[in-house]
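Under numbering that gives the first Met the number 0, the sequence shown has 332 at position 333, and the numbering climbs by one with no breaks.
The beta-carbon is built from N, C-alpha and C at its ideal position, and this holds for glycine as well.
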Amino acid sequence: MNETALTEQGELRYQRDRPLSAVPGYAVGLQLTLASGEAVYVALSATELVLYFQKQLAIHFDLEARLVKVAELDHYWRRSLSHWVVFSRKRAAAEGGGLDRVVLDETEADRLVRESNAAVLSVWQEVEAGKATFTLGKPNIPGALERITPLLRRAAAFDVVTARRDASRFAAIYRSVAVLPPNEYNALVLQATEGCCYNHCAFCQLYKGVHFHAKDPAEFGEHLHSVIEYHGASLAARRSLFLGEANALTIPQRDLVADLQLIREHFELPAPEQTQVDAGWWLGRANRFDGIGSFLDIFTGTPRSVAEWTELHRLGLRRVYIGMESGSEDLLQWLRKPATVPGLTRTVTALKDARLTVAVIVLLGAGGRQFAEAHVRETARVINSLPLSRGDYIYLSPLVIYPGGQYDAIALQESITPLTPAEIDAQEQELRAGLQLARRGNPYIARYDLETFTY
């Protein structure tokens, strides 16, 4: 919370200008005072249960009573379904501002769950024993108690054993979710394929050791049922659907159409002609999503015609993410990625003709100083030639060098000098300066960091 002082009426504040009871997103709220004298506000929205403590602590659960977030002043922990935690810290002005992010391991995740459980359990025990004093209810105290009590009871039982058991269920269904585009972090992932059907790009370690497997429609249908059962009521917080893993769009058209038809049997998607989807349409609805996204390597699978892409759009596909990496074909060859600029251009043009949103992902720092000049020049030139416009995406993703990995070995053998973090930042700014897309409406341009992703 930005401000934790009580109002004159004894209500916990959400921000300096309003108490928690006035936050529109919380249709149900219950403020109570513990035996210690501390005030706690328990809020229920269409997507989560949150406990706000007077001691500048907020603990968030999804609607299946899984711990998902913990926030303190200038510190924030996001727990993933895989039971890893991303810790974020606001840097002080003297440190240059911004955020530090780091992924914590399972031991730290256990600690976060343990400490959160202790705080929530103490609240529940006082509520259950009748020791808590209720001071405010939205819409009223009896109504709030009736709505909040069942989920609060389950949240209080979310201890380390429960968390690890839940993570094992997640792993049995997904194995893992290696990566998503930034605007799909809140997506419901459906794995039509596992692994990567190419898996030889020098820079990528995401699917090493994973055997590529494309599920047939029957197997995908079983997976879909397992996903729905696992996520349960928490589906209400998911915005979009993402068809994974790395190369789901390599599936033959007939099977991909069958997969999308299965999805439409379970979920409601916008009509093909609906270009803008307001959050009010899907938010809090467990069966509504604003469309389907997926990755695409332009050199894998059989190229699709505009008519085939249009058929997929009609069935709900809305966003296609392409690992462009670079506009320099020399660098692409060096990266062991068999893509070509003409192939990229043909694919993006076909996708746009089918009314799909396109995102291209560029690898900052690829090829080190030796390739830097050509990388920036050719990437800017190629992106400027693509039919991208407002609503599309350009993601700039800093290279992650895995010690002992293929890229590391090749770069060492050929004496490639890596860019420093400052040089990567400078390359990003140089590339941004070279993009000239305003005449068509600027696409969204953003940084895409892989190192702190967890699902």
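Q) According to the neighbour-count rule (16 or more other Cβ atoms, all chains shown, within 10 Å of its Cβ), is Y401 buried or exposed? A) The residue is exposed, with fewer than 16 neighbouring Cβ atoms inside 10 Å.
Q) With 16 as the cutoff for other CB atoms within 10 Å, does L98 come out buried or exposed? A) It counts as exposed.
Q. Rounded to the nearest angstrom, how far is the Cβ of L179 from that of F241, given a contact under 8 Å?
A. Contact between L179 and F241 holds: their C-beta atoms lie close to 6 Å from each other, under 8 Å.
Q | Local conformation of H82 per DSSP, three classes | A | Collapsing the DSSP output to three states places H82 in coil.
Q) What separation, rounded to the nearest whole angstrom, lies between the Cα atoms of L261 and V67? A) One C-alpha to the other measures close to 29 Å.
Q) For L449, which residues does DSSP report across the bridge? A) Answer is none; L449 lacks a bridge partner.
Q) Which of the three DSSP states, helix, strand or coil, is assigned to L434? A) Three-state result, L434: coil.
Q) Just how far apart, CA to CA, sit Q275 and S20? A) Using only the alpha carbons, I get a separation of about 31 Å.
Q: Could you round the C-beta distance between L456 and L43 to whole angstroms and report it? I think they count as a contact, below 8 Å.
A: Here the chain has residues from 0 to 454 only, and residue 456 is not among them.
Q: State yes or no: is the C-beta of Y13 within less than 7 Å of the C-beta of V27?
A: Not closer than 7 Å, so no.
Q: Identify whether D289 lies in helix, strand or coil by the three-state DSSP scheme.
A: Here D289 sits in coil by DSSP.
Q. Nearest to E125 by CA position, among H59, E37 and V102, is which residue?
A. If you compare the alpha carbons of H59, E37 and V102 with that of E125, the shortest gap goes to E37.
Q: Within the segment 95 to 129, note down every full beta strand (DSSP E) run reaching 3 residues or more, in order along the chain.
A: Entirely contained in the segment 95 to 129, the beta strand (DSSP E) runs reaching 3 residues are, in chain order, 98 to 103.
Q) With distances taken from CA atoms, which of S175, G290 and W76 is nearest L268? A) Checked all of S175, G290 and W76; the closest Cα to L268 is G290.
Q. With 16 other CB atoms within 10 Å as the buried threshold, where does V160 fall?
A. Label assigned to V160: exposed.
Q: In the DSSP assignment, find the beta strand (DSSP E) that holds I58 and state where it starts and stops.
A: Run containing I58: L56 to D61, per the beta strand (DSSP E) assignment.
Q | Residues that P269 bridges to, as DSSP identifies them | A | Looking at the DSSP output, P269 shares a beta bridge with no other residue.
Q) Are A45 and A235 touching if we call contact CB-CB under 7 Å? A) Closer than 7 Å, so yes.
Q. Just to check, is the beta-carbon of T148 closer than 6 Å to a non-hydrogen atom of the ligand ADP?
A. As presented, the structure is devoid of all ligands, the ligand ADP included, so that no description of it is given.
Q) According to DSSP, is Y454 helix, strand or coil? A) Here Y454 sits in coil by DSSP.
Q. Considering P397, what are the terminal residues of the beta strand (DSSP E) in which it resides?
A. Where P397 is concerned, the enclosing beta strand (DSSP E) starts and stops at Y392 to P397.
Q: Under 7 Å Cβ to Cβ from Q435, same chain only, skipping five residues before and after it: list those, please.
A: The residues are N383.
Q: For H212, count neighbouring Cβ atoms within 10 angstroms of its own Cβ and tell me buried if that reaches 16, exposed if not.
A: Looking at its Cβ environment, which holds fewer than 16 other Cβ atoms inside 10 Å, H212 is exposed.
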